[in-house]
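First to last, the protein sequences are chains A and B.
Going from the first sequence to the numbering used here is simple: count from 1 and add 804.
Going from the second sequence to the numbering used here is simple: count from 1 and add 109.
Cβ coordinates follow ideal geometry from the N, Cα and C atoms, glycine included.
This report refers to the structure that appears directly beneath it.
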Amino acid sequence: MISRFQIAYKNLLRKKSRTLLTLVGIMLSSWVLVSLLGFNRGYEQALNRDIDNMGYQLMVMAKGCPYEAATMMLQGGTGLRYIEQSMVDLIVSKPEVDKVTPILMQAFFDPDKGDGGGIAGYFGVEAASFPAMKPFFRFRQGAWFTDEQAAEAVMGFEAAELEQREVGDMILVPEKNVKLKVVGVLERTGGQDDGTIFVPLKTLQKISETDKITTIGIKVNKDADSVKLEATLYQLPDVQVVSFTQVKQTIMKLIATARVMVLSIAIIALLIAMVGVVNTILMSVLERMQEIGILKTMGAMPGDIFILVWTETLILCSSGGIMGIGLALVFARLSDILVRRVLPYSPGGELVAIDMKLAFLTLAIIVVVGLLSGIYPAWKAGRVRPLESIRSE
Amino acid sequence: MKGKDLILLLLAAVVAFMVMAAPTFAAVGCDLNDPDRDVARFFPESSGYKTTYVSIDKRGGEVMLRRVEKRLGDRFHGIYETIDVPYTLYEIHSGPRTIGYIHGVNQKGQFGGIQVFVALDPGGRIKSFYIQKMTSQWAKKLRDPKFGRQFAGLSLKDLDAYNPATGKGGGKVAEIRNPAPEAEEDFRASLRALKKNLILMDEFVFSSERGKP
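Quick look at the structure:
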């Protein structure tokens, strides 16, 4: 016996072009919706990951523009202001502090990097304190420096790949012409560390002819009040404190407007698609008035007709929804690239994160909204009077 | 097709899409820093260009890799010179005509990666030789246009006799003068990169035009 589902499916196939166009409309709106929901979630996840990958929650640096400081943290920029290394001892004595690590960021101009030259950035870190801040680091080759003053370097995955370096190879610090031996190459982290070259702090200080540092990374004790610590650190002379929570909040505020706008667009796209669904199903009902009347004379109840028409809506919305989600998954990388081009700051890793949970949520939204849109045509079909409809032309 | 089958097919398609959309990290390629500017510099008469990405892996796999290594006279070595390296190929047009190609390769140098680009005419002859990036105290001399001009007019045939593994060879390549004798390693690395570059261009472009490698 032919099922209700098969009847609904065959009904949709009667007007192939109309069904196809409605399907395309639903597909596009679900593509937009899932991509935007994926972006909403992915951006925050990526930003959190970038911030977690920093390893420390607070950074102390010389007083200056806080936005410059934030850029420096997130983009691995160059530090032009210095602080005394003795500041480390002052900070480590605070009870809220778990660990600290001094960092010296330095940039040297390499005239032979492209046509106009380029900047080669180096991070001076201590092998004794820095790795504890980055417990997720894994070595692809080698290990950390053998000595705190060694002429050695550890390279992030992408830095090593670009420079074609392996353990045992040499690198040359531009401007200074100092040779360093590569002793470690890190696995990819998906963050800013991938493009970084780490050098022992003392070695980089010697190369840069300074005994100062640019930054102190601070890991706060688990139960400590980081806000109170921040306030205490602000009492130190000529320093500014940057907390990653603040940075995250600022960035999230900056993109909040954009998020609201794109979600509104998604909702409008969804509504347009649903108007299409109502139109298609209603047209289909109006064209089949006589048929519906005959079904009723054969004993079909209003509820049966209602469910039959509603099944058509269900098939349309679920098929279009699945296809749209499929397209969104296929073109997730492309959406990622486009979003990166538009946004002023994008964290590393996936920006459009679509997983099974989100895919099913989107499908559920599409199906539920679709079924709501299908109520009126289904109700109208259910109310058809058999004799009137059979008599009608 | 029954409705149930249709739903199953759609679900299978979604699963397949998810597998396809999984993130992958390919090896690093070699792109021009500023293609619009560089194309106009090497081919002032150009009206446009098309960028394509090719790899030995996708074009011929292991068989092609062995053939390239044999023609090069050296093995692909290290963790970065691999079969899946994506090569960026710029096909230069003047109206409907293809007037040449630009192609670059990464090469391990003494202190860092070297990016060697060549601009070729449609016959595979070098119009320009350009080292985009090199880390060395002597990089300035090797990146000097005067050094690059020595390669103008050469083709893959002229490098056949050059062995990158030993750094020896006869013919026109033997006449190429190293402007920085202190950087012999980088000079030899540049010649190896050039030979590899031309072999890859032959494999990817010219051999298919001729019908065979």
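Non-local C-beta neighbours of M1078 of chain A in its own chain, meaning closer than 7 Å and more than five positions away in sequence, comprise V1173, G1174, S1177, ordered along the chain. Q945 of chain A is bridged by DSSP to A:V989.
Under the Cβ criterion of 9 Å, D916 of chain A is counted among the residues facing chain B. Bridge partners of Q224 of chain B according to DSSP: B:N215, B:K242. For M865 of chain A, DSSP records a beta bridge to A:T1019, A:Q1044.
Within the same chain, Q945, A964, V986, V989 come within 8 Å of E970 of chain A by CB-CB distance, once the 5 residues on both sides are set aside.
Taking 9 Å as the cut-off, the beta carbon of F934 of chain A is found no closer than this to the beta carbon of G994 of chain A. Listed along chain B, no residue sits closer than 9 Å to D997 of chain A by beta-carbon distance, the nearest being about 15 Å off.
The beta carbons of I1109 of chain A and L1099 of chain A sit about 7 Å from each other, so the pair counts as a contact at 8 Å.
Taking all protein chains in view, the Cβ of D267 of chain B is crowded by 16 or more other Cβ atoms within 10 Å, so the residue is classified as buried.
Our two residues, V982 of chain A and Q246 of chain B, have alpha carbons roughly 10 Å apart in a direct line.
Listed along the chain, the chain B residues whose CB falls inside 8 Å of the CB of M959 of chain A amount to none; the nearest CB is some 10 Å away. Listed along chain B are Q246, each with a C-beta nearer than 8 Å to that of N981 of chain A.
Within the same chain, K1023, V1024, N1025 come within 7 Å of D902 of chain A by CB-CB distance, once the 5 residues on both sides are set aside. Leaving aside the five residues that flank S237 of chain B on each side, the residues in its chain whose CB is nearer than 6 Å to its CB run, in chain order, F151, A228.
Per DSSP, the continuous alpha helix (DSSP H) segment holding T1007 of chain A begins and ends at 1005-1012. In this structure, the alpha-carbon of K1016 of chain A lies about 14 Å from that of D893 of chain A. With a threshold of 9 Å between beta carbons, D854 of chain A makes no contact with chain B. For a Cβ distance threshold of 9 Å, residue set Q219, F220, G221, T244, S245, Q246 of chain B lies close to L976 of chain A, ordered along the chain.
Closer than 9 Å to the CB of N287 of chain B there is not a single CB belonging to chain A. Residues of chain A with a Cβ closer than 7 Å to the Cβ of K236 of chain B do not exist; the shortest Cβ-Cβ separation is about 18 Å. Distance from the CA of S1088 of chain A to the CA of A1073 of chain A, rounded to the nearest whole angstrom, comes to 23 Å.
Three or more beta-carbon pairs separated by less than 8 Å link the segment 145-165 of chain B to the segment 189-197 of chain B, which places the two stretches in contact. Looking at the DSSP output, V982 of chain A bridges to A:V977. In summary, the residues of the segment 183-201 of chain B whose CB is separated from some CB of chain A by less than 9 Å are G187, I188, Y189, E190, in the order they occur in the chain. DSSP places Q910 of chain A in no alpha helix (DSSP H) but in the uninterrupted beta strand (DSSP E) bounded by 901-914. Nearest CB-CB separation between V137 of chain B and chain A: below the 9 Å threshold.
For Q241 of chain B, at least one C-beta of chain A is nearer than 9 Å to its own C-beta. In this structure, the alpha-carbon of L1058 of chain A lies about 41 Å from that of I188 of chain B. Here G170 of chain B is exposed: its Cβ has fewer than 16 other Cβ atoms, across all protein chains shown, within 10 Å.
In terms of CA proximity to F1002 of chain A, A:E956 leads the group A:Y860, A:E967, A:E956, A:D1042. Proximity of chain A to R297 of chain B at the Cβ level (cut-off 7 Å) is not reached, the minimal Cβ distance being about 15 Å. Contact of N306 of chain B with chain A is not assigned, every C-beta pair being separated by 9 Å or more. Rounded to the nearest whole angstrom, the C-alpha separation of P1181 of chain A and A1163 of chain A is 28 Å. Annotation: the continuous alpha helix (DSSP H) that includes A936 of chain A extends over 934-937.
Here N287 of chain B carries a coil assignment [DSSP, helix/strand/coil].
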